[in-house]
Amino acid sequence: MDSQSHYFDEEPTSLSETSTVDLVLPDLTATLVTDRGVFSSSRIDPGTKYLLQSAPTPEGTVETALDLGCGYGPIARTLVHRFPKAKIWATDVNSRARLLTEKNVGGLGVNVEHPDNIDESIRFDLIWSNPPIRIGKAKLYEMLEIWLQRLSDDGEAILVVQKHLGADSLAKWLTTVPFRVDRLSSKSGYRLLKVTVK
773 MDSQSHYFDE EPTSLSETST VDLVLPDLTA TLVTDRGVFS SSRIDPGTKY
823 LLQSAPTPEG TVETALDLGC GYGPIARTLV HRFPKAKIWA TDVNSRARLL
873 TEKNVGGLGV NVEHPDNIDE SIRFDLIWSN PPIRIGKAKL YEMLEIWLQR
923 LSDDGEAILV VQKHLGADSL AKWLTTVPFR VDRLSSKSGY RLLKVTVK
C-alpha cells in the first residue's frame, strides 16, 4: 500500500492489483479475492484468524450478524458458513473493500453496505470485528459505541485487539458506557473481548 493510502480511506488511491488469499480454518477453507488499498491485503490478518479460530459459539439463536470493518470479507465468509440461517451484513467505509466483499460473499446472501446505508433499526445478535485501531482512539470509540448500541438485548460482540495497540484501555473504556466486557483469551499479543449489553 502506498504511503498516501490507508485501509480506512473511503476511496483508496493505491493502484488496483488484485490477488487471492486462502482462508484456512478447521471447519472452512475458502479462496478470497483481495487487492491493494485494503486491510491486510496479502494474507489473512493474524488477529482476524485468531478471532475466527477462537470466537465462542453464542448460546442463543443468531438471526442477524454483522462483520464490522469487513475488509475483503474473511469474517463475513466465516459467518455465512457457521450461521447459514442468519441474515448477515458486512460493512466498511472503504469502497474497494466493499467491492471485494461483494465478490467474495455477495453471492452467498451477505448484505454488503456502507455504514451509513444500514438501517438504524436493525439489531444484531452477533457482531464480529477486528476494529480499525489505527483510525485513532476518538474515532474508534465513536464507531464502536454506535454499532455496539445496535446489539440485540441478548446479543454479543466479539472483538480482537492487539494488546500493544490498546486492548486493555479499550476494554476499560467499554465498561464506562453501557456494556459488559469479558476478556475471553489472549494469544500472540492479541486479546479476544466479548461485549454484551449490561
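In my numbering, the protein residues as written are 773 to 970.
Built from N, CA and C at the ideal position, the CB exists for glycine as well.
- Residue state for Ser958 is assigned as strand, using DSSP reduced to three classes.
- Using a 10 angstroms sphere on the CB of Lys970, the tally of other CB atoms stays under 16, which defines it as exposed.
- Taking C-beta separations shorter than 6 Å and ignoring five residues to either side along the sequence, the partners of Asp794 in its chain run Thr803, following chain order.
- Between the region 854-870 and the region 884-893 there are three or more C-beta pairs closer than 8 Å, enough to call the two in contact.
- Counting along the chain, Asp926 sits inside the beta strand (DSSP E) bounded by residues Leu923 to Gln934.
- Rounded to whole angstroms, the Cβ separation of Pro904 and Val933 is 11 Å, and the two are not in contact under 8 Å.
- Residue pairing by DSSP places Ala837 opposite Ile860 and Leu898 in a beta bridge.
- Using a 10 angstroms sphere on the CB of Asn889, the tally of other CB atoms stays under 16, which defines it as exposed.
- By the neighbour-count criterion, in which a residue is buried when 16 or more other Cβ atoms sit within 10 angstroms of its Cβ, Lys821 is buried.
- Your pair Glu928 and Val967 checks out as a contact, with CB atoms roughly 7 Å apart and the cut at 8 Å.
- About 17 Å separates the beta carbon of Ser786 from that of Arg815, a gap too long to meet the 8 Å contact definition.
- Distance between Asp864 and Gly843, taken at the CA atoms: about 7 Å.
- Rounded to whole angstroms, the gap between the alpha carbons of Leu946 and Ala848 is 24 Å.
- A distance of 8 Å or more separates the beta carbons of Pro846 and Ser960.
- Relative to Gln921, the option among Ile899, Lys935, Leu942 and Ser941 whose CA is nearest is Ile899.
- For Thr792, the enclosing beta strand (DSSP E) stretches over residues Ser791 to Leu797.
- Out of Ile907, Trp919 and Ser813, the CA that lies nearest to the CA of Ser791 is found in Ser813.
- Leu965 and Leu931 do touch by the CB rule: their CB atoms are close to 5 Å apart, below 8 Å.
- Looking at the backbone, the Cα of Glu789 and that of Val810 are separated by about 11 Å.
- Residue state for Leu965 is assigned as strand, using DSSP reduced to three classes.
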